[in-house]
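Heads up: the sequence shown is residues 10 to 257, going by this note's numbering. In what follows, a single structure is set out as structure tokens and then discussed.
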Amino acid sequence: MSQFLFITDLDDTLVGDDAAMAQLNERLSQHRQQHGTKIVYSTGRSPTLYQQLTQEKPLLEPDAVVLGVGTMIFHNGSPEPDATWQARLRQHWDRDRILATVAHFADLELQPESEQNEFKASYFLYETVATEVMTELQTNLQQQGLEVNLVYSGGKHLDILPKAANKGFALAFLQEQWGFERHHTVACGDSGNDLSMFEINRSRGIIVGNAMTELRQWHEANPSSDRYLATQHHAAGVLEGLQYFELL
Ligand code: GLC
Ligand code: MG
């Protein structure tokens, strides 16, 4: 057994089955103590909604937390996001022009103010029209020279992010900072905003058994021996995957 970088989504991946999460937390916490394993939470939630979750559920103290779909990285309880990361996202990003463009799209409804940040413009978008609207939006933004990442999740959320921001790039950033190689890094998720962590192909991957269709379909179309689709749900699926890869 040796140390590894464990990076997991929260809602419907780590969180969803309290008993299974308690069991997984205990195993991970022990592993961190004995081997120096790093625990990272990577979520779409804003700082406000993340704080809320920490009040509701007994999460472990993470070594770093990635919030807002890869737009903010907080190290070890620091109140300020990583400045190097913020500087990287600032390049080629013009939020005002993006908002002005989106205003012409009737199907896109702005999410609450708490879920917006300097590097994230988030909307509600119905699944039935999502593909069509995203294609049109992407074309429109491209014509203006605006390069973005469009991330669709949970059959209802659209995040517009800087080209250099998503959960996958944030994973790579922490991996380089801490010096973990591919087979000692594992990413876990259930929905569209987790896809970039698998797509970047820099780690092992665990998809929990309750994963959304958007992620499951992509996984089936892009199989990899480094990615495991668990049969069990939530934290039980994560534990199943960690044992499959013999990390725990
Ligand atoms: C979280 C965020 C929301 C985002 C969604 C998908 O629910 O609060 O802003 O759109 O994750 O990434
Ligand atoms: Mg999730």
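Each residue gets a CB set at the ideal place from its N, CA and C atoms; glycine is no exception. Keep in mind the model is a prediction, meaning the values are calculated, not measured.
*Can you tell me which of T22, A29 and R41 puts its alpha carbon nearest to the alpha carbon of S51?*
T22
*Any 3 or more C-beta pairs closer than 8 angstroms across the region 126–133 and the region 167–176*: yes
*If we call anything under 7 angstroms between Cβ atoms a contact, is V78 one with G53?*
yes
_Helix, strand or coil for L159? Go by DSSP, reduced to three states._
strand
_Taking 6 angstroms as the cut-off, is the C-beta of D21 nearer than that to any heavy atom in the ligand MG?_
yes
*Would you kindly work out how many angstroms separate the C-alpha atoms of P121 and T57, rounded to a whole number?*
12 angstroms
*Residue of N231, I216 and Q252 minimising C-alpha distance to D20*: I216
*What are the complete alpha helix (DSSP H) segments, minimum 4 residues, inside the region 39–94?*
56–65
_Sequence-distant residues of its chain with Cβ nearer than 8 angstroms to Y135 (five each side left out)_ = D116 and K165
*Express the C-alpha separation of E145 and H113 in angstroms, rounding to a whole number.*
11 angstroms
_Rounded to the nearest angstrom, what separates H44 and E255 at their Cα positions?_
14 angstroms
*Exposed unless 16 or more other CB atoms sit within 10 angstroms - verdict on L108*: exposed
*Can at least three beta-carbon pairs, one atom from the region 23–39 and one from the region 153–160, be found at a separation below 8 angstroms?*
no
*Output the distance between the C-alpha atoms of Y237 and E118, rounded to the nearest integer angstrom.*
35 angstroms
*For the alpha helix (DSSP H) holding A109, just list the boundary residues, first then last.*
R104 to V111
*In chain order, what residues of the same chain lie with their CB nearer than 7 angstroms to the CB of D203, ignoring the 5 residues before and after it?*
D18, K176 and L224
_By alpha-carbon positions, which one of N34, Q125 and I82 ends up nearest to Q186?_
I82
*Say yes only if the C-beta of R54 is nearer than 6 angstroms to one or more non-hydrogen atoms of the ligand GLC, and no if none qualify.*
yes
*asked:* Taking 6 angstroms as the limit between beta carbons, can you name the residues of its chain near S162, skipping five residues before and five after?
replied: S200, G201 and N202
*Return yes when the C-beta of Q42 is under 6 angstroms from any heavy atom of the ligand GLC, and no when it is not.*
no
_Inter-residue spacing [alpha-carbon to alpha-carbon] between E249 and T194_ = 16 angstroms
*Nearest CA to the CA of V111: which residue from V142, A179, N219 and T222?*
V142
*Quick one: is M30 buried, meaning 16 or more other Cβ sit within 10 Å of its Cβ, or exposed?*
buried
*asked:* Restricting to Cα atoms, I'd like to know which of L183, M206 and E190 is closest to E160.
replied: Checking the sequence, you will find Val at residue 160 rather than Glu. Here the closest residue by C-alpha is M206.
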